[in-house]
Amino acid sequence: MSLIDKNFAPGDFEERWYAHWEASGAFRPDRPEAKPYTIIIPPPNVTGSLHIGHALDNTLQDVLIRWHRLNGRDARWVVGTDHAGIATQMVVERQLMESQQPGRTAMGRAAFVAKVWEWKAESGDTITRQLRRLGASCDWANERFTMDEGFNTAVTRVFVTLFNEGLLYRDKRLVNWDPKLKTAISDLEVESREVAGSFTHIRYPLADGVTLADGRDHIIVATTRPETMLGDTAVAVNARDTRYQSVIGKFVKLPITGRLIPIIADDHADPELGSGAVKITPAHDFNDFEVGKRHGMTPINIFDADARIIAAEGIPAGYVGLDRFVARKQVIADLEALALIELIETKTIQMPYGDRSGVVVEPWLTDQWYVNAAELAQPALAAVKSGETQFVPKSWEKTYFNWMENIQPWCVSRQLWWGHRIPAWYGPDGQFFVAENEAKAQALAGDMLLTRDADVLDTWFSSALWPFATLGWPENTAELARHYPGDVLVTGFDIIFFWVARMMMQGMHFMGEVPPFETVYCHGLVRDAKGAKMSKSKGNTIDPLLLIDKYGADALRFTLTAMESQGRDIKLDEKRVEGYRNFATKLWNAARFCQSNGISGSTSVAPPPANNAVNRWIIGEVAATARALETAIATFRFDAYADAIYSFAWNRFCDWYLELTKPLLSEAADPVVAAETRAVSGWALDQILVMLHPVMPFLTEELWHKLGTRSRDLLVSAWVAADLPVDAA
RNA sequence: GGGCGCGUAGCUCAGCGGUAGAGCACUGCCUUCACACGGCAGGGGUCACAGGUUCAAACCCUGUCGCGCCCACCA
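Count along the first sequence from 1, add 705, and you get the number used in our numbering.
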């Protein structure tokens, strides 16, 4: 208990309180008799730094955790970081380049991975330090990392188990290949962009003097990627298409290569589209791959990992080694010279781009590991259908259903170095053995000389295990029993497929059909004041740390809470932060006023006895506010929470109550009424601190201690304000 | 081509069946012994448009227009 300074300066006490809380163990769950309340943090990238989206996500989680902690629950916020395979690998590669050190391939795998660990150690606590500045009351004592020892065990166990159950398998099929990063990526990591392109109509000469019904000696096919014709294995037409019925089973002579390829009948060819005839390139197009399979064709691969032409069947030597885009020009030039170009249309086309590399992704034929997602999706789907897990807002359930019901095999192998190495070993003739370690694989393989799979797992494969691997799984720990499933997951809607769906699948499969959380709260994106998506390249990013420096963490937290409305996107305007900093100042001054009038903190949750009408009124208002907050939390209406406490504290408590009671505290006033008013004021102010604490933890903790001699910190006090009598007056 | 969401005061948004609300901005007054990062008073909206349901609609239904996002193999 000490005098409240005239100036409100959050920088003077925020870091001090955080250090005190953490050191005192306040973030640890320590109420074994109470019902647990568990949130699992979406693990930020270990080498990342706090952006405004993290600030929102973690503020909301902290509001929930702190509210439930204040309400007596045994709250635990499980925390940790993600190794973020591809993202981190790219960061380190870029750093090597910028510092002119040898590149990844030059230094070799072991040295590179060591370099990443070095970088992780160096920068790895940046993000967690920043979360502390935000005030996130995470259980740091049990901080996890997706590549720590226990996690590695969990990942391996899951891989081996799924393999043994037949739910994970190796397959040769087309993947989305990123020729820049030189790895397979999943469907979700491909974004379709509209670009200016062209549509080339090519004449494929009919072989053996055959002609079409209209007398033409060629079939016209169209493509946006002319170079792929080097790998064509057929031309497909529809069996119902009268224009082509007579030539089904005949051949065309594939230009440039001179190969004869058959004209086949397949429903993939739509008579309504283009010429009705379509070139089939099984090794470089997802549809064509299926067509090829139906007709027993062997795909002809024409690219290497860099998407350069290789010496495949019939490809002229001059093409070998050409980049795909150079090859495209060459194909067009050669076809033009042969007078086989019917037409080149300029038009906007859809092209697949790697979301990380920004280059055009190629469908490429490789051996990869796949998870049978369609199978794992069934229980995960059922859990949401039955309401065991609920999305808030509910409309996201439809999105989830739609994706899960049409889910494709999940390619989980990546040709990267940073990540969980795939636990599979190969014998000399391509036999493979999946086991938890090399010794077990060797036991399966007998005398064979084994080499380990060079690939690593998709980052999301490990983060899918986050809700249970962080609690000690596969060991049967007490923590697991107590904190799984979590109460709520708070995350952005943009990773529902990447992460939420995968956690649902793995959680259901490995945790006895129990989904990992009861509620999935999906918040929106934080945009700039004009509504534009923030990006470094646009230069419109808002750095949450700068806002914290300028206005205090509490003001930023209040802003994000007040603007979070049912998952809608947030247009963040700095003026809003300034406004809520003003609110903090207002409260600070109100507390200072109270203190200067001999008002101090209360000793109990229950309101003091009151006879005076104004005092009775404010007691009732506190109760009504507490109930409004309870509803807001139960329905995840963060905006309603902020609004209720704001209007109560400012409009009713400051503007009316403090003004109306000023005369009651004057020297001329009745001492009995004055004493009652001091007691009620102190109690009401305490209640404001309690109710506001989840959103503004620093300011409220500071005032809590300034206003009274307290046996405990505010954040760990269990105050069930909503139980107050509603009609105290 | 499917799916979702949004169009309410100058701006950002609540309200989702019972005579229009908040914050910011704006106007006027006030440096009154908590606070000018403040106080008091005030101006400002045919709730996108058109139909319908209802005693009653910003709120429910149908359609139209505009904006945004997600998913999808028109080669």
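We treat Cβ as the ideally placed atom computed from N, Cα and C, and that holds for glycine.
- Taking A974 as reference, the option from L1045, V942, G1177 and P715 with the minimal CA-CA separation is V942.
- Within the stretch 911 to 947, the complete beta strand (DSSP E) segments of 3 residues or longer fall at 923 to 928 and 939 to 942, listed in chain order.
- In this structure A760 touches L1261 by the C-beta definition: roughly 6 Å separates them, less than 8 Å.
- Assignment of alpha helix (DSSP H) within the stretch 1077 to 1140, counting only whole runs of 4 or more residues, yields 1078 to 1090 and 1101 to 1110 in chain order.
- When the Cα atoms are used, E1406 and P1179 turn out to be separated by approximately 39 Å.
- The C-beta distance from F904 to T929 rounds to 6 Å, short enough to meet the 8 Å contact threshold.
- One alpha carbon belongs to N881, the other to G829, and they sit about 31 Å apart.
- One alpha carbon belongs to W1130, the other to S1168, and they sit about 24 Å apart.
- DSSP, reduced to helix, strand and coil, places E870 outside both helices and strands of the structure shown, so it counts as coil.
- For G1229 against I1275, the beta-carbon gap comes to about 6 Å, under 8 Å, which counts as contact.
- Within its own chain, the residues whose Cβ lies closer than 6 Å to the Cβ of T916, once the five positions on either side in sequence are excluded, are D922, listed in chain order.
- Taking the Cα of M1239 as reference, the smallest distance to any Cα among M1210, L1277, P1368 and G1212 is reached at L1277.
- Around the beta carbon of L708, a 10 Å sphere encloses fewer than 16 other beta carbons of the protein chains shown; the residue is thus reported as exposed.
- Taking C-alpha positions only, Q950 is separated from A912 by approximately 16 Å.
- Closest in C-alpha terms to R834, from the list F1288, Y723, P1021 and Y874, comes Y723.
- The beta-carbon separation of V751 and E848, rounded to 11 Å, does not stay under the 8 Å limit for a contact.
- In this chain, R964 is not harboured by any alpha helix (DSSP H), its DSSP state being neither H nor E.
- Each of W845, I832 and E1093 was checked against the Cα of E727, and the nearest Cα belongs to W845.
- In this structure A1010 touches P884 by the C-beta definition: roughly 7 Å separates them, less than 8 Å.
- With respect to P1021, K958 sits apart: the two C-beta atoms are not nearer than 8 Å.
- D919 counts as exposed, since fewer than 16 other C-beta atoms from the protein chains shown sit within 10 angstroms of its C-beta.
- In the DSSP assignment, W772 forms no beta bridge with any residue.
- Straight across, the Cα-Cα distance linking T986 with V1076 is about 26 Å.
- Residue range R814 to S828 is occupied by the alpha helix (DSSP H) that includes V821.
- In the three-state reduction of the DSSP assignment, N881 falls in the strand class, which pools E and B.
- If you draw a straight line from the Cα of L775 to the Cα of A1331, it is about 12 Å long.
- Assignment of K955 by DSSP, reduced to helix, strand and coil, places it in the coil class.
- Here E896 carries a strand assignment [DSSP, helix/strand/coil].
- A check of alpha carbon separations from G1217 across R1342, V1161, A1234 and P1084 identifies P1084 as the nearest.
- In this structure, A1012 keeps its C-beta atom at 8 Å or more from the C-beta atom of R1033.
- Contact between Q1073 and A889 holds, since their C-beta atoms are separated by about 5 Å, short of 8 Å.
- Counting C-beta pairs closer than 8 Å gives fewer than three between the stretch 1254 to 1271 and the stretch 1295 to 1306, which falls short of the contact rule.
- When the five nearest sequence neighbours on each side are left out, the beta carbons in the same chain lying within less than 7 Å of the beta carbon of V1319 are those of Y1362, L1365 and T1366, in order along the chain.
- Of the candidates G1026, Q1035 and D876, Q1035 places its Cα closest to the Cα of M934.
- In this structure, L1408 sits near A1296, with a CB-CB distance shorter than 8 Å.
- Classified as exposed, D1134 has fewer than 16 neighbouring CB atoms from the shown chains inside 10 Å of its CB.
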